[in-house]
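Protein chains in written order, with the working numbering: chain V, 323 to 594; chain U, 323 to 594; chain H, 323 to 594. We put the beta carbon where it would ideally sit given N, CA and C, even for glycine.
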Amino acid sequence: MDVLPEITEILVKIRNRKPLIHHLTNFVTANDSANITLAIGASPVMANDPLEVEEMVLKASALVINIGTLNHQALDAIIAAGLTAKEKGIPVILDPVGAGGTSARTRAARRLIETVMPDVIRGNLAEIQELAGQSGGIKGVDSTACETGSERVAISVAAALGCVVALTGRTDTITDGKRVCRIDNGSPLLTSITGAGCMATSLVGSCCAVSGSRFLGAAAGIAVMGVAGELAGKSLAAGEGVGTFRMRLFDAVYAVTPHLITEYGKITCEEC
Amino acid sequence: MDVLPEITEILVKIRNRKPLIHHLTNFVTANDSANITLAIGASPVMANDPLEVEEMVLKASALVINIGTLNHQALDAIIAAGLTAKEKGIPVILDPVGAGGTSARTRAARRLIETVMPDVIRGNLAEIQELAGQSGGIKGVDSTACETGSERVAISVAAALGCVVALTGRTDTITDGKRVCRIDNGSPLLTSITGAGCMATSLVGSCCAVSGSRFLGAAAGIAVMGVAGELAGKSLAAGEGVGTFRMRLFDAVYAVTPHLITEYGKITCEEC
Amino acid sequence: MDVLPEITEILVKIRNRKPLIHHLTNFVTANDSANITLAIGASPVMANDPLEVEEMVLKASALVINIGTLNHQALDAIIAAGLTAKEKGIPVILDPVGAGGTSARTRAARRLIETVMPDVIRGNLAEIQELAGQSGGIKGVDSTACETGSERVAISVAAALGCVVALTGRTDTITDGKRVCRIDNGSPLLTSITGAGCMATSLVGSCCAVSGSRFLGAAAGIAVMGVAGELAGKSLAAGEGVGTFRMRLFDAVYAVTPHLITEYGKITCEEC
Numbered sequence: 323m324d325v326l327p328e329i330t331e332i333l334v335k336i337r338n339r340k341p342l343i344h345h346l347t348n349f350v351t352a353n354d355s356a357n358i359t360l361a362i363g364a365s366p367v368m369a370n371d372p373l374e375v376e377e378m379v380l381k382a383s384a385l386v387i388n389i390g391t392l393n394h395q396a397l398d399a400i401i402a403a404g405l406t407a408k409e410k411g412i413p414v415i416l417d418p419v420g421a422g423g424t425s426a427r428t429r430a431a432r433r434l435i436e437t438v439m440p441d442v443i444r445g446n447l448a449e450i451q452e453l454a455g456q457s458g459g460i461k462g463v464d465s466t467a468c469e470t471g472s473e474r475v476a477i478s479v480a481a482a483l484g485c486v487v488a489l490t491g492r493t494d495t496i497t498d499g500k501r502v503c504r505i506d507n508g509s510p511l512l513t514s515i516t517g518a519g520c521m522a523t524s525l526v527g528s529c530c531a532v533s534g535s536r537f538l539g540a541a542a543g544i545a546v547m548g549v550a551g552e553l554a555g556k557s558l559a560a561g562e563g564v565g566t567f568r569m570r571l572f573d574a575v576y577a578v579t580p581h582l583i584t585e586y587g588k589i590t591c592e593e594c
Numbered sequence: 323m324d325v326l327p328e329i330t331e332i333l334v335k336i337r338n339r340k341p342l343i344h345h346l347t348n349f350v351t352a353n354d355s356a357n358i359t360l361a362i363g364a365s366p367v368m369a370n371d372p373l374e375v376e377e378m379v380l381k382a383s384a385l386v387i388n389i390g391t392l393n394h395q396a397l398d399a400i401i402a403a404g405l406t407a408k409e410k411g412i413p414v415i416l417d418p419v420g421a422g423g424t425s426a427r428t429r430a431a432r433r434l435i436e437t438v439m440p441d442v443i444r445g446n447l448a449e450i451q452e453l454a455g456q457s458g459g460i461k462g463v464d465s466t467a468c469e470t471g472s473e474r475v476a477i478s479v480a481a482a483l484g485c486v487v488a489l490t491g492r493t494d495t496i497t498d499g500k501r502v503c504r505i506d507n508g509s510p511l512l513t514s515i516t517g518a519g520c521m522a523t524s525l526v527g528s529c530c531a532v533s534g535s536r537f538l539g540a541a542a543g544i545a546v547m548g549v550a551g552e553l554a555g556k557s558l559a560a561g562e563g564v565g566t567f568r569m570r571l572f573d574a575v576y577a578v579t580p581h582l583i584t585e586y587g588k589i590t591c592e593e594c
Numbered sequence: 323m324d325v326l327p328e329i330t331e332i333l334v335k336i337r338n339r340k341p342l343i344h345h346l347t348n349f350v351t352a353n354d355s356a357n358i359t360l361a362i363g364a365s366p367v368m369a370n371d372p373l374e375v376e377e378m379v380l381k382a383s384a385l386v387i388n389i390g391t392l393n394h395q396a397l398d399a400i401i402a403a404g405l406t407a408k409e410k411g412i413p414v415i416l417d418p419v420g421a422g423g424t425s426a427r428t429r430a431a432r433r434l435i436e437t438v439m440p441d442v443i444r445g446n447l448a449e450i451q452e453l454a455g456q457s458g459g460i461k462g463v464d465s466t467a468c469e470t471g472s473e474r475v476a477i478s479v480a481a482a483l484g485c486v487v488a489l490t491g492r493t494d495t496i497t498d499g500k501r502v503c504r505i506d507n508g509s510p511l512l513t514s515i516t517g518a519g520c521m522a523t524s525l526v527g528s529c530c531a532v533s534g535s536r537f538l539g540a541a542a543g544i545a546v547m548g549v550a551g552e553l554a555g556k557s558l559a560a561g562e563g564v565g566t567f568r569m570r571l572f573d574a575v576y577a578v579t580p581h582l583i584t585e586y587g588k589i590t591c592e593e594c
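See the structure below:
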């Protein structure tokens with residue numbers, strides 16, 4: 323199953339259409355999410371006032387919900403926005419940041435999933451395990467879980483929830499429960515900057531905004547992050563570290579072309 | 323009408339006086355606004371607790387109000403801060419981010435303008451058109467409006483509201499309804515990073531803080547952004563993109579001198 | 323009194339243990355605090371919902387409280403988190419950003435100190451003077467106080483409050499009221515970017531998380547910031563300014579080794 327043609331087509335479409343990606347996200351990495359959305363060629367907006375979220379959602383081509391610094395008082399407005407998006411067929415991408423980290427956070431993630439039924443969930447292994455009802459190894463918002471069997475976890479969560487799961491880690495797994503896509507790009511430095519996961523989720527939102535397939539949209543977003551991360555990591559000279567890497571990551575997403583995805587992407591897909 | 327001497331004098335004054343610029347701004351680009359304010363030589367503060375905004379405003383030399391992620395519950399405190407500033411003669415600069423994007427946002431911008439009567443409004447064409455009561459082309463918080471006739475819109479809004487309008491776009495227009503200043507610097511990359519508008523507004527605030535003229539202060543801030551953006555854009559080597567551009571933009575504002583403004587500034591002013 | 327062996331040991335321990343550092347911090351520099359915490363090798367989390375702060379604190383190895391954009395409505399939850407940390411012996415580091423800037427801010431800082439009794443207070447001279455009941459020179463959140471006698475102020479505050487004071491300035495002073503450590507590294511550019519103080523506080527938190535001594539932990543964090551800042555500043559080529567400096571600062575903290583601290587650290591300690 324060769325998904326490269328679809329993935330590269332998605333990239334071209336984003337640059338042609340500049341889709342609006344509405345974010346209900348955290349205050350730590352909002353700037354990074356906005357800049358990576360612009361870097362891939364889409365248009366970010368972060369309005370979160372309950373008075374305007376629903377109206378803004380209706381103008382957007384995708385809705386990204388990220389619970390990194392979720393306040394429980396904001397949850398009702400987020401759910402209303404999510405339901406509005408679902409009703410109108412606008413793809414909803416959930417980043418359950420730190421699910422399993424505290425019980426309030428796990429509850430919020432579960433409530434969002436049950437009520438909104440997001441099209442795509444993008445998380446690390448610990449977060450996805452938590453949603454599967456397994457005890458995930460999580461420290462704060464970072465995963466410490468062992469990756470063996472992570473693909474099985476992703477597939478079972480996708481099948482159980484009827485959505486696409488994009489589980490990022492050393493190897494990224496994107497699955498809708500029937501098909502699975504493995505991406506072997508990236509850089510170890512992605513775990514040494516904040517917001518790499520949030521940015522991947524924004525890229526998934528940007529790709530789903532222009533694709534009829536949530537599965538291919540999720541795969542495209544993760545592929546762009548993986549290839550860009552890998553190229554940014556390889557570009558570093560002696561003495562350059564996380565600061566330079568972070569800057570080059572934006573350069574690399576901005577510079578990603580169908581050709582680069584084709585040349586560097588280590589992407590395999592198959593039926594489950 | 324040669325405004326270069328006044329603009330360069332403003333730059334020198336900022337570096338001598340390091341004026342305090344109070345920001346009531348959004349959580350997406352607050353860090354960028356703080357860093358650009360420091361880069362030009364002023365001192366930013368972002369306190370937004372209703373208990374302290376008015377006290378902080380009284381210590382400031384300018385107040386920047388930016389509604390990028392405005393919550394309606396914060397609006398009363400923002401208006402109180404704005405009125406305090408106006409009473410004391412401290413210049414108030416409004417950035418009506420995304421006005422026209424949602425009705426709540428448009429109402430908030432209008433209410434701020436009616437009650438506070440800001441000295442300067444800095445926005446893109448879609449936002450300024452909205453304030454003129456015309457239908458502006460806006461997607462999220464980015465302008466999609468056609469720029470033809472934008473100067474006429476800026477002049478009519480400035481005249482109607484009795485304030486300075488700084489309309490940024492391919493050519494920037496700064497006008498108080500009687501005089502108009504056109505600035506032809508900048509870089510297309512400024513639309514590919516988040517916060518370029520917000521940063522321009524912070525620079526306008528920094529310049530108005532040390533100038534007796536809001537018109538010249540606004541022109542100076544936009545000129546610094548334009549020249550710095552242009553030099554940052556021209557500095558990019560092959561493979562460098564939005565990440566590097568963003569970093570160099572801070573370098574360039576920090577490095578801007580009267581000499582550079584004089585050498586690179588494409589600034590023309592005339593009576594309307 | 324040679325503290326270099328302990329400081330370098332702390333650095334090694336952070337990289338081995340990757341301690342979780344919980345932050346209750348401001349929205350302007352949260353991203354910088356998260357990235358600097360990752361750069362030194364620790365793991366940041368920024369959860370601030372009252373429903374989860376205490377549960378998250380119990381998983382953390384240090385708690386950083388930063389009042390940069392404190393809202394008074396959040397104060398009770400912050401105090402509850404601080405008391406939970408103290409009960410469990412988790413070090414609490416307070417950054418009283420802008421204390422003295424407004425009366426609400428000063429009251430909040432004092433209330434936090436009286437109720438939580440932080441282990442370490444990291445501030446500039448104006449902020450520490452304010453806590454000493456002296457009139458500090460402060461503009462917004464930046465110190466304008468004269469540094470003569472700053473060491474005496476730090477020692478008297480540390481002795482009076484029974485905590486460690488880390489007063490950063492041209493020379494940094496770390497003291498527990500009985501011992502004093504002076505660090506003469508850094509760069510003037512640290513005052514030209516936002517968040518340098520906040521980042522120093524995050525590094526102090528990261529170091530205190532793995533050290534039995536709050537005094538040595540504070541000294542280690544400030545030493546890492548000082549040496550990294552100095553190396554970042556020295557690395558700048560012609561035309562490079564605050565933007566490049568900021569990026570290199572993250573590179574430099576990431577690259578700091580016991581060897582670099584030993585080679586470049588200008589650290590002297592003695593009994594008071």
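Backbone secondary structure at residue i - three-state DSSP
i: U/C485; result: coil
i: V/R444; result: strand
i: V/C520; result: helix
i: U/L342; result: strand
i: U/N348; result: coil
i: H/P366; result: strand
i: H/N388; result: strand
i: U/T493; result: coil
i: V/I589; result: strand
i: H/G461; result: Checking the sequence shown, residue 461 of chain H turns out to be Lys, not Gly. Of the three classes helix, strand and coil, the one that applies to H/K461 here is strand, per DSSP.
i: H/I515; result: coil
i: U/C503; result: strand
Closer than 6 Å: residue i CB and nearest the ligand ZN heavy atom
i: V/K588; result: For the ligand ZN, the structure offers nothing, since it holds no ligand at all.
Anticipated Cβ contact below 8 Å, residue i with residue j, distance rounded
i: U/V575; j: U/I358; result: 6 Å
i: H/A448; j: H/S465; result: 4 Å
i: U/T513; j: U/R504; result: Wrong, their Cβ atoms sit about 19 Å apart, outside the cutoff.
i: V/L511; j: V/V549; result: In fact, because the Cβ distance is near 14 Å, the residues do not count as touching under 8 Å.
i: V/S383; j: V/I412; result: 7 Å
i: U/T600; j: U/T516; result: This structure cannot speak to residue 600 of chain U, because chain U is shown only from 323 to 594.
i: U/V386; j: U/T406; result: That pair is no contact at about 14 Å.
Selected residue, minimal CA-CA separation from residue i, among the options
i: V/A560; options: H/A560, H/R570 and H/E552; result: H/R570
i: V/A356; options: U/G390, U/A356, U/E452 and U/S509; result: U/G390
i: U/G543; options: U/Q451, U/C529, U/D398 and U/P327; result: U/C529
i: V/I332; options: V/D354, V/G527 and V/I412; result: V/G527
i: H/D596; options: V/R427, V/C594 and V/P418; result: The first residue shown for chain H is 323 and the last is 594, placing residue 596 of chain H beyond what the model contains.
i: H/R474; options: H/L373, H/D417, H/N348 and H/C594; result: H/C594
i: V/R432; options: V/T566, V/Q395, V/A407 and V/L483; result: V/L483
i: H/T497; options: H/I443, H/F567 and H/T523; result: H/I443
i: H/G445; options: H/A454, H/D417, H/A430 and H/I435; result: H/D417
Listed by chain order, chain H residues near residue i by CB distance under 7 Å
i: V/R432; result: Near V/R432 there are no residues of chain H at all, since even the closest Cβ is about 14 Å away, more than 7 Å.
i: V/G543; result: None at all; the shortest Cβ gap to chain H is about 21 Å.
Buried versus exposed call for residue i [16 or more other C-beta atoms within 10 Å across all chains shown]
i: V/P327; result: exposed
i: U/A480; result: buried
i: V/D506; result: exposed
Closer than 7 Å at the beta carbon, the chain V residues around residue i
i: U/H345; result: Under the 7 Å cutoff, chain V gives no residues; its nearest Cβ is about 15 Å from U/H345.
i: U/E562; result: D573
Per-residue contacts from residue i into chain H (C-beta, under 8 Å)
i: V/S514; result: L360, A361 and Y576
Amino acids of chain V, ordered along the chain, whose beta-carbon sits closer than 8 Å to that of residue i
i: H/F349; result: F349
Cross-chain neighbours of residue i in chain V, by beta carbon under 9 Å
i: U/S425; result: L373, E374 and E377
i: H/V367; result: G420, G423, K461, G462, V463 and D464
Amino acids of chain U, ordered along the chain, whose beta-carbon sits closer than 8 Å to that of residue i
i: V/N299; result: Look at the range of chain V in this structure, 323 to 594, and you will see that residue 299 of chain V is not part of it.
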